[in-house]
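In the working numbering, the protein residues as written are 3 to 371.
Read through the structure below, which is laid out as C-alpha cells, and then see the notes.
Below, the structure written as C-alpha cells:
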C-alpha cells in the first residue's frame, strides 16, 4: 500500500478533504476524487449505492485505471442503471471508488436531518442557566464529600466549627442594620473587655431585678457578651445570615424581628431559668430569630460544615432546613440542661427568639415590594 494516494489520471498526489460524514481524496488537477464505499453509504441513499455495489460484486470488466491506494487495476462499473450511466472505477480490495469530475453528481444524496425549531430566547436562557448550575454542582462534588468553598475566609471560619454559605441568596440592598448592629456589638465588646464583670452586673439582665432602670437592661444586655467566643460567634451568625433576612424583610421589619425576638427570649429566660440572681447577656435571642427565618425562607441553600479528625478533613453540605432541625434539637437538649442548672448558656432565650422567628416567617414569608 502506498504512503500517499495518486491520481489514476494525472499521476499527481491526491489531497485529503474533510467533509461532514468523513474524508475523501481529490486531485487538484483534474478534479477527480476517491471515496470509500463506507463514506458513500453514509453520504448517499441506499437506493443509489446498493444496486451499484451489486454490480461490483457481479465481476465486471477490469479497466485501465490504477487504484489510488494499492496501485492495482480497478474494475469498470456502471454507476447507475441505463445506457447513459457513467462508468466509474472500483477497487474491490481497498473498497475505493474513483469518480471523474461531475460523475458523483449522478448519485442521490441522503436528505439532511430536519432542523429542530429554534427555542425562544427565554427558554435558551433558562437552559443555559441550568447547564451552568449542573456544571457547578458537578465541580463542587457530592454533599457528603464536597469541595471546599472558594473564599478563604469561609474555609478559615469553618475550621472553628461554624457553618458557611455555599450558595448565598442574591441580595438587592445593602444590609445597613446588620452592619450597624455588628459594629455596635463589637465596639461594646471592646469597651467593656477590661472590666467585664462590673459591666455585666450593672447592665446585664438579672431575672430577679428585671424591672430595674425602667427595663433598660432588656436593651443593654443585648450588646454585652461574656467573652471573645460568645462575641465572635454572635457577630458571625448575625453577619452571615442577617444580611439575607434584612434584604428580604427590609430594615423596618428586620429591626422589629430582632427586637421582639430579644424580648421574647429574655422573658422566657426570666420565667424558667432557676438562677434568678445571675445576669443574662448576649444577642443570641434576637439572632436565633434570624437563623430560623433564614432557614425557613431559604430552605434549599447549602450550608457547609468542615468535619475534621486530626489530619483528616471532609466538607459536608446540608440544606438549611436540615441544619435548622439539628440546631433546634441541640437547643432543646441545652434547655433541659439549663433547667437542671447544668449550663451557663441560655438555650431558653434561643428558643424564645426562635419562636418569634417562626411566627414572623409565617406572617411575612411572602415578599412584598
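Idealized CB from N, CA, C, for every residue including glycine.
Given the structure is predicted, the values throughout are model-derived calculations rather than measurements.
Element boundaries [beta strand (DSSP E), containing residue i]
i           : result
residue 49  : It is not in any beta strand (DSSP E) - residue 49 instead sits in the alpha helix (DSSP H) that spans 48 to 59.
residue 38  : 35 to 38
residue 221 : Element bounds for residue 221: not the beta strand (DSSP E) but the alpha helix (DSSP H), 219 to 225.
residue 80  : 75 to 80
Near the ligand ZN: residue i beta-carbon under 7 Å from a heavy atom
i           : result
residue 275 : The ligand ZN is absent from the structure shown, which contains no ligand whatsoever.
CB contact check: residue i to chain B, cutoff 8 Å
i           : result
residue 366 : In summary, chain B is missing from the structure at hand, where a single protein chain is found.
Burial state of residue i (16 or more Cβ within 10 Å)
i           : result
residue 76  : buried
residue 178 : exposed
residue 286 : buried
residue 263 : buried
residue 312 : exposed
residue 250 : buried
residue 236 : buried
residue 182 : exposed
residue 103 : exposed
residue 121 : exposed
residue 364 : exposed
residue 110 : exposed
residue 343 : exposed
residue 310 : exposed
residue 356 : buried
residue 319 : buried
residue 333 : buried
residue 216 : exposed
residue 185 : exposed
residue 219 : buried
residue 19  : exposed
residue 46  : buried
Contact set for residue i: own chain, Cβ-Cβ below 7 Å, skip 5 residues either direction
i           : result
residue 24  : 41 and 44
residue 337 : 349, 350 and 353
residue 70  : 7, 8, 9, 10, 16, 27, 36, 98 and 100
residue 151 : 157, 166, 168 and 306
residue 323 : 297 and 301
residue 331 : none
residue 243 : 292, 293 and 296
residue 96  : 69, 71 and 72
residue 159 : 166 and 238
residue 270 : 350, 351, 353 and 354
residue 38  : 97 and 98
residue 314 : none
residue 62  : 77, 78 and 79
For residue i, the first and last residue of its enclosing alpha helix (DSSP H)
i           : result
residue 268 : 253 to 274
residue 347 : First-last for residue 347: undefined, no H or E at that position.
residue 186 : 178 to 194
residue 68  : Premise fails: residue 68 lies in the beta strand (DSSP E), 64 to 68, not in any alpha helix (DSSP H).
residue 108 : Taken as a continuous stretch (DSSP letters only), residue 108 belongs to no alpha helix (DSSP H), as it is neither H nor E.
residue 158 : 154 to 160
Neighbourhood of residue i by C-beta distance below 8 Å, restricted to the same chain and skipping five residues each side
i           : result
residue 223 : 205, 206, 207, 268, 281, 282, 283 and 284
residue 279 : 208, 209 and 210
residue 83  : 53
residue 87  : 80, 81 and 108
residue 193 : none
residue 14  : 8, 29, 30 and 31
residue 203 : 281
Option in the options with minimal Cα separation from residue i
i           : options               : result
residue 301 : 131, 321, 315 and 290 : 321
residue 153 : 314, 350 and 306      : 306
residue 246 : 289, 34 and 90        : 289
residue 347 : 356, 164, 150 and 232 : 232
residue 367 : 266, 256 and 271      : 256
residue 325 : 304, 125 and 58       : 304
residue 260 : 59, 131, 362 and 335  : 362
residue 299 : 272, 253 and 248      : 248
residue 360 : 266, 48, 335 and 59   : 266
residue 277 : 241, 333 and 340      : 340
residue 317 : 215, 327, 149 and 51  : 149
residue 12  : 85, 119, 47 and 67    : 67
residue 92  : 55, 113 and 191       : 55
residue 180 : 253, 162, 106 and 19  : 253
residue 308 : 172, 133, 327 and 163 : 163
One or two residues paired with residue i in a DSSP bridge
i           : result
residue 305 : 167 and 320
residue 199 : Answer by DSSP bridge pairing: none, since residue 199 is not bridged.
residue 282 : 207
residue 314 : 311
residue 20  : 25
residue 9   : Beta-bridge pairing links residue 9 to no other residue.
residue 93  : 98
residue 15  : 8
Own chain, CB closer than 6 Å to residue i, minus 5 neighbours either side, in chain order
i           : result
residue 371 : Since pLDDT at residue 371 reaches only 40, below the 50 mark, its modelled position is unreliable, and the value read off the structure follows with that caveat. Excluding positions up to five away in sequence, the list is empty.
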